[in-house]
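Q:
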Ligand SMILES: NC(=O)c1ccc[n+]([C@@H]2O[C@H](COP(=O)([O-])OP(=O)(O)OC[C@H]3O[C@@H](n4cnc5c(N)ncnc54)[C@H](OP(=O)(O)O)[C@@H]3O)[C@@H](O)[C@H]2O)c1
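In this note's numbering, the protein residues as written are 623 to 954.
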C-alpha cells in the first residue's frame with residue numbers, strides 16, 4: 623500500500639459499482655485505479671466515466687501491484703470465486719452483501735484471508751450511517767428500557783433493472799440473500815447478538831427463488847424479532863422497536879436519516895416523543911469506504927463494526943432459513 627492513498631480496484635461493472643466508485647472518489651484517503659468486467663465494452667465504458675483503467679480479465683486486475691483493495695460488485699453467485707481469486711493475490715477485500723451464497727463458502731474465505739493477512743469486510747454499508755450509530759447509542763442508553771420486540775417490514779416492487787439478479791436461481795437470486803439480510807443484520811447490530819432460534823416461511827417466485835419471506839427470530843435476552851420482506855410486494859418500509867419504557871419508530875429504517883423515540887415509562891400513555899435526524903450523506907457508501915481505509919491503514923484484518931464472525935453467523939442463519947424451506951441453489 624502506498625504511503626498516501628488506498629488504491630482501489632473493482633470487479634464487476636454493474637449498477638452498484640458506480641455508487642462505490644463515487645464514494646471512493648469522495649474519500650480523501652482513497653484512489654480508484656481500475657475496473658474489471660467480463661465484458662471489455664462494459665469495463666471500458668465504466669472506466670471512461672471515472673478516468674481509470676479497465677480490463678476484461680479479473681486475474682489481470684487482482685495481480686496489479688498498484689492496487690491495494692478490491693471491491694467485489696458482481697452478483698451473489700460470483701462473490702466466492704471472485705474473492706478467492708483476489709485473496710490468492712493477497713488483496714484486501716470489500717465484498718458486496720451477501721458475503722457469499724452460504725456459510726461453507728464464507729468459512730473458506732475467512733480462513734484464506736487470515737492466512738494471507740488480508741483485510742476483509744462485508745459491505746453492510748448502512749451500519750456506518752450516522753443515523754444507525756445514533757440509534758444504537760439511544761437503545762444502549764436504556765431510554766426505552768428492555769428491548770422486547772422488533773417488528774420490521776421491508777418490501778417493495780423491484781425496478782426492472784434489478785429483476786434479473788433478484789429472480790434468477792443461477793445468480794443466487796431470492797429475497798433473503800438480497801433484502802432479508804438488511805433487517806436481519808439491523809437487529810443483530812442493535813442487540814449486539816445473534817438469534818438463538820428461528821422460524822420462518824417463504825413464498826416462491828415462478829423462477830423458484832424466495833420472493834416473500836417472514837422470519838421470527840429469538841435472542842438470548844428474550845427479545846423477539848418479527849421480519850417480513852419481499853421484492854415483489856409493496857409493504858411498509860419501517861422498523862418498530864418496542865422496549866419496556868417506550869418504542870422507536872423508524873420509517874425507511876434501512877437507510878433513513880430520521881426516527882422517533884416515544885417514551886411511556888411503563889404506562890399506557892406516551893409522555894414524550896423526540897424525533898431525531900442525522901445527516902446521512904447522499905452517497906451513504908462514503909462511511910464504509912472510510913472504515914475500510916481506516917482499518918487497512920491501521921493494519922487491521924477486519925472491522926470491529928462488521929466482524930467476520932458475525933458475517934459467518936449471518937450466512938449460517940440464512941442457510942438455516944433456506945433449509946427450513948428446502949431451498950438450495952442449483953449449483954450448491
Ligand atoms: N449495498 C447496496 O445497497 C446494494 C445495492 C444493490 C446491489 N448490491 C449488491 O451488489 C451486487 C451487485 O448488484 P448489482 O445490482 O450491481 O448487479 P448487476 O448490475 O445486475 O450485476 C453486477 C455484475 O455482475 C455480473 N453479472 C450480472 N448479471 C450476470 C449474468 N447474468 N451472468 C454473468 N455475470 C453477471 C456482471 O459482472 P461483469 O461486469 O464483470 O460482467 C455485472 O456487471 C449484488 O451482490 C447485490 O447484493 C448492493
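In this text, a Cβ means the ideal position worked out from N, Cα and C, and glycines have one as well.
Could you please give the first and the last residue of the uninterrupted beta strand (DSSP E) stretch that includes residue 714?
A: The residue you call residue 714 lines up with position 92 of the chain shown. It spans 714-717 - the beta strand (DSSP E) in which residue 714 sits, taken as one unbroken run.
Q: Let me make sure I understand the geometry here. Which of 725, 881, 923 and 667 has the alpha-carbon closest to that of residue 898?
A: The residue given as residue 898 occupies position 276 in the chain shown. Comparing Cα positions, the closest option is 881.
Q: DSSP puts residue 868 in a beta bridge; with which residues?
A: Translated into positions along the chain shown, residue 868 becomes position 246. According to DSSP, residue 868 bridges with 865 and 885.
Q: Around the C-beta of residue 818, are 16 or more other C-beta atoms found within 10 angstroms, so that it is buried, or is it exposed?
A: Counting from 1 along the chain shown, the entry for residue 818 is found at position 196. By the 10 Å Cβ count, residue 818 comes out exposed.
Q: Here's the rule I'm using: 16 or more other beta-carbon atoms within 10 Å means buried, otherwise exposed. How should residue 696 be labelled?
A: Against the chain shown, residue 696 aligns to sequence position 74. Per the 10 Å Cβ criterion, buried.
Q: Going by alpha carbons, who is nearest to residue 888 out of 867, 929, 861 and 908?
A: Numbered from 1 along the chain shown, position 266 holds the residue referred to as residue 888. With distances taken between Cα atoms, residue 888 lies closest to 867.
Q: Leaving out the 5 sequence neighbours to the left and right, which residues in its chain are closer than 8 angstroms to residue 639 when beta-carbon positions are compared?
A: Here residue 639 refers to the residue found at position 17 of the chain shown. Closer than 8 angstroms at Cβ, skipping near neighbours: 632, 657, 668, 693 and 695.
Q: If you measure from the CB of residue 705, is any heavy atom of ligand 1 nearer than 7 angstroms?
A: Numbered from 1 along the chain shown, position 83 holds the residue referred to as residue 705. No, since every heavy atom of ligand 1 falls outside the 7 angstroms radius drawn around the Cβ of residue 705.
Q: Work out the CA separation of residue 683 and residue 628 for me, nearest whole Å.
A: As a working note, residue 628 is residue 6 in the chain shown. As a working note, residue 683 is residue 61 in the chain shown. Cα to Cα, residue 628 sits roughly 15 angstroms from residue 683.
Q: Below 8 angstroms between beta carbons: does that hold for residue 844 and residue 748?
A: Residue numbering aside, residue 844 sits at position 222 when the chain shown is read from its first letter. Residue numbering aside, residue 748 sits at position 126 when the chain shown is read from its first letter. No, the Cβ-Cβ distance between residue 844 and residue 748 is not below 8 angstroms.
Q: For the segment 758-843, list the beta strand (DSSP E) runs that are entirely contained and at least 3 residues long, ordered along the chain.
A: 769-777, 819-826 and 832-840
Q: Looking at the secondary structure, which residues open and close the alpha helix (DSSP H) in which residue 941 lies?
A: The residue labelled residue 941 in the question sits at position 319 within the chain shown. It spans 930-946 - the alpha helix (DSSP H) in which residue 941 sits, taken as one unbroken run.
Q: Counting along the chain, where does the beta strand (DSSP E) carrying residue 653 start and finish?
A: Residue 653 sits at position 31 when you count from the first residue of the chain shown. Note, residue 653: beta strand (DSSP E), 652-658.
Q: Among residues of its own chain, excluding the 5 on either side of residue 742, which ones have a beta-carbon nearer than 6 angstroms to its beta-carbon?
A: Translated into positions along the chain shown, residue 742 becomes position 120. Closer than 6 angstroms at Cβ, skipping near neighbours: 715 and 735.
Q: Does DSSP classify residue 679 as helix, strand or coil?
A: Taking the chain shown and counting its residues from 1, one reaches residue 679 at position 57. Of the three classes helix, strand and coil, the one that applies to residue 679 here is coil, per DSSP.
Q: Reducing DSSP to helix, strand and coil, say where residue 749 ends up.
A: On the chain shown, residue 749 is found 127 positions in, with the first residue counted as 1. Correct three-state label for residue 749: helix.
Q: Say the cut is 7 angstroms; is the CB of residue 672 nearer than that to a heavy atom of ligand 2?
A: For the structure depicted, ligand 2 is absent and the ligand set comprises only ligand 1.
Q: Cutting at 7 angstroms between CB atoms, please list the residues of its own chain near residue 645, excluding the five before and the five after it.
A: Counting from one through the chain shown, the residue named residue 645 turns up at place 23. So the list reads 905, 907, 908 and 911, once near-sequence residues are dropped.
Q: Spatial neighbours of residue 859 within its chain, please: CB distance less than 8 angstroms, with the 5 preceding and 5 following residues excluded, ordered by chain position.
A: As a working mapping, residue 859 is identified with position 237 in the chain shown. For residue 859, where only same-chain residues beyond five positions count, the Cβ hits under 8 angstroms are 775, 776, 777, 778, 873, 874, 875 and 876.
Q: Taking the beta carbon of residue 701 as the centre, do at least 16 other beta carbons fall within 10 Å, making it buried, or is it exposed?
A: In the chain shown, residue 701 corresponds to position 79, counting from 1. Buried, because 16 or more other Cβ atoms sit within 10 Å of the Cβ of residue 701.
Q: Could you give the first and the last residue of the continuous alpha helix (DSSP H) run that contains residue 647?
A: What you label residue 647 is simply residue 25 of the chain shown in a count that begins at 1. Taken as a continuous stretch (DSSP letters only), the alpha helix (DSSP H) holding residue 647 covers 637-648.
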